[in-house]
Amino acid sequence: MSLKICSVYFEGKYTPEYVEKLYNGLKRHCSLPFEFICYSDNPNVKADVIIPLKHHSGIKKHWYKLCYFSPLFANQNPEDEIIIMDIDQIIVNNIDDMIGYPVTDNELVSYNKWWGGKPRLNGGFLKFKSGQLKVIWDDFMKDPETWQLKYFKKGIVHYKYYGEQNFIDWMCEFHNIKLTLMPPEWVCKITNDEEEDRQNNINYIKKFNKDYMILDKPHNDIKIVHFANPNADIHTSKYSWIKDYWI
Amino acid sequence: MRIICVNTGDKFGQWYVDNLKYMIDNYSGLKYDNFEVITEEKHKGVFNKLQMFDKFRDGENLYFDLDICIYNKVPNLVREKLTVLKAWWRDRDHTSFNSSIISWTGDQSHIYNTFIKDPMMWQEKYNKGIDQMLEENFVIANYDKVCYSIKNNQYNEKDKDYSIVLFNQSQYLMEPGWSGWWSNYFLSR
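Protein sequences appear in the order of chains A and B. Quick note: the first sequence uses this note's numbering, first residue 16, plus one each step. Quick note: the second sequence uses this note's numbering, first residue 104, plus one each step.
And the structure:
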């Protein structure tokens, strides 16, 4: 069994340094052996394995992540554990407990989005056993065009071709896939909207009985900070603590 | 005998042409005189395939799509009459034809001549592709079951009753990063 941490990079919103800094963060804060894979349309990203991404298959943006649900992708072997991670995240403390979180057959492990909103899971971290959830990829490929626009057309997401998290959540429901959410205090969300971030800080303190979420640095119980908003970028963020962690 | 393929647009690339030739030369058992590649983009998408009827008006012709895997000796696929596949592996949908493999002997240029009189009309009328156009407008025979489709079979072992598998809408399975039993028969990238 091996552990594959899988990412997707496409030119547009981000730069290759997002991949590099996620990779560096994983190497710095994870003592478990893993292989870091990036499915990328830019060959100059830092990863153990780079799979060239060609843009003519009708798949859009973050939906490329779904490829990893197929056991035929990324040189997967039976019994491998697969983790799909978004690149807009900063690892701030040791994440062995998160990377090594136990997963069984027909189960998907994700973040607990304590800050609310739907869907239940967060596409920033998805862990499963190779091939166990291939139905997610197979169902998607039956009609990718419809799925990729469904949540936008219904007004559930506000950006065209967003909604892959909603689709995965629906697949879990539809196919009775067990959804396990990790301890919520391990993750927090930054939006670059100071008021929203301040409110999240307050909520974190109240919900988890902690002194703070992020002051001059993230709380020691937080393992990952997710810039989980379409308008939130790490490289334009004003928070000074970032320079000590996003390296 | 002439083997023909078409590589226009950006859907495929040179590797796909080289790969087809590699599989034909190494696994198919086919003996041929010429390997012809049509690259000129004269029409919309798959309608470029029709150029073969204009360019090759004599002798035995055998056309293959690029998104196939040939993994064993193929049965005799060369036909006197114009012949295409029948998509026995799926519901009929808009057509039962599948033009991933085509063969004919002699001159079938009337097909291209018909098309070229009004390409816009044909491309608009048959916007799902040339298979329906061929089925509804020309006298064309069908092969028996000479190959199968990877659709719904991608997790299975290779079917030893056949020597060719078509990827069609699952062409992504041929791209870098994807692998299955078929990868062992492909040209190294």
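Glycine included, each C-beta is placed from N, C-alpha and C at the ideal position.
- Counting only residues of its own chain and dropping the five nearest sequence neighbours on each side, tyrosine 254/A has a CB closer than 8 Å to the CB of Ile205 and Ile229.
- The beta-bridge partner set that DSSP reports for cysteine 21/A consists of Ile52/A and Ile99/A.
- Note that the segment 174 to 189 of chain A does not touch the segment 104 to 113 of chain A; fewer than 3 beta-carbon pairs, one per stretch, sit closer than 8 Å.
- Contiguous beta strand (DSSP E) elements confined to the segment 197 to 230 of chain A occur at 202 to 204, taking only those with 3 or more residues.
- Secondary structure at asparagine 245/B: strand, using DSSP grouped into helix, strand and coil.
- Here glutamate 160/A is not near leucine 81/A, since their CB atoms are 8 Å or more apart.
- C-alpha of asparagine 271/B to C-alpha of isoleucine 66/A: approximately 22 Å in a straight line.
- Assignment of tryptophan 281/B by DSSP, reduced to helix, strand and coil, places it in the strand class.
- At a cut-off of 8 Å between beta-carbon atoms, tryptophan 281/B makes contact with chain A.
- Rounded to the nearest angstrom, the Cβ distance from serine 252/B to leucine 87/A is 16 Å, too far for a contact under 8 Å.
- The alpha-carbon separation between leucine 188/B and isoleucine 243/B amounts to approximately 10 Å.
- Following the DSSP letters along the chain, one finds glutamate 122/A in no alpha helix (DSSP H) but inside the beta strand (DSSP E) bounded by residues 122 to 125.
- Asparagine 164/B is bridged by DSSP to Arg105/B and Trp207/B.
- For the segment 82 to 94 of chain A, the beta-carbon criterion of a distance under 7 Å to any beta-carbon of chain B is satisfied by Leu87, Phe88, Ala89 and Asn90.
- Pairing tyrosine 166/B with isoleucine 219/B gives a Cβ-Cβ distance that is not under 8 Å.
- None of the residues of the segment 116 to 146 of chain B has a beta carbon lying less than 8 Å from any beta carbon of chain A.
- Per the coordinates, the alpha-carbon of glutamine 163/A lies some 7 Å from the alpha-carbon of lysine 75/A.
- Here isoleucine 106/B has Tyr135, Phe138 and Leu165 as same chain residues with Cβ atoms under 6 Å from its own Cβ, once five neighbours each way along the sequence are excluded.
- Among the residues facing chain A, leucine 269/B is not included, as its CB has no counterpart in that chain under 8 Å away.
- Sequence-distant partners of isoleucine 114/A (beyond 5 residues in either direction) whose C-beta falls short of 6 Å from its own C-beta, in its chain, are Cys45 and Leu47.
- The beta-carbon of glutamine 211/B is placed no less than 8 Å from the nearest beta-carbon of chain A.
- Of the other Cβ atoms in all chains shown, fewer than 16 fall within 10 Å of the Cβ of aspartate 158/A; this residue is therefore exposed.
- Secondary structure of histidine 44/A (DSSP, three-state): helix.
- Judged by DSSP in its simplified three-state form, proline 67/A adopts strand.
- Shown here, histidine 190/A sits in coil according to DSSP, grouped into three states, outside any helix or strand.
- Close to glutamate 278/B, with beta-carbon spacing below 7 Å, are these residues of chain A in chain order: Lys69.
- Glutamate 26/A carries a strand assignment under DSSP once its states are collapsed to helix, strand and coil.
- Proximity of glutamine 235/B to chain A, defined by a Cβ-Cβ separation below 8 Å, is not satisfied.
- Proximity of the segment 53 to 61 of chain A to the segment 142 to 158 of chain A falls short of the contact definition, fewer than three beta-carbon pairs being nearer than 8 Å.
- Within the DSSP bridge table, the entry for serine 252/B names Leu269/B as partners.
- Glutamate 209/A and lysine 61/A have their C-alpha atoms some 31 Å from each other.
- Listed as beta-bridge partners of asparagine 201/B by DSSP are Leu188/B.
- In this structure, the straight-line span from the alpha carbon of asparagine 127/A to that of isoleucine 183/A is close to 15 Å.
- Between tyrosine 24/A and proline 31/A, the CB-CB gap stays under 8 Å.
- With respect to the C-alpha of threonine 111/B, the residue from Phe150/B, Ser273/B, Lys254/B and Asn255/B having the closest C-alpha is Phe150/B.
- Within 8 Å of the CB of glutamine 226/B, no CB atom of chain A is found; the nearest one sits about 19 Å away.
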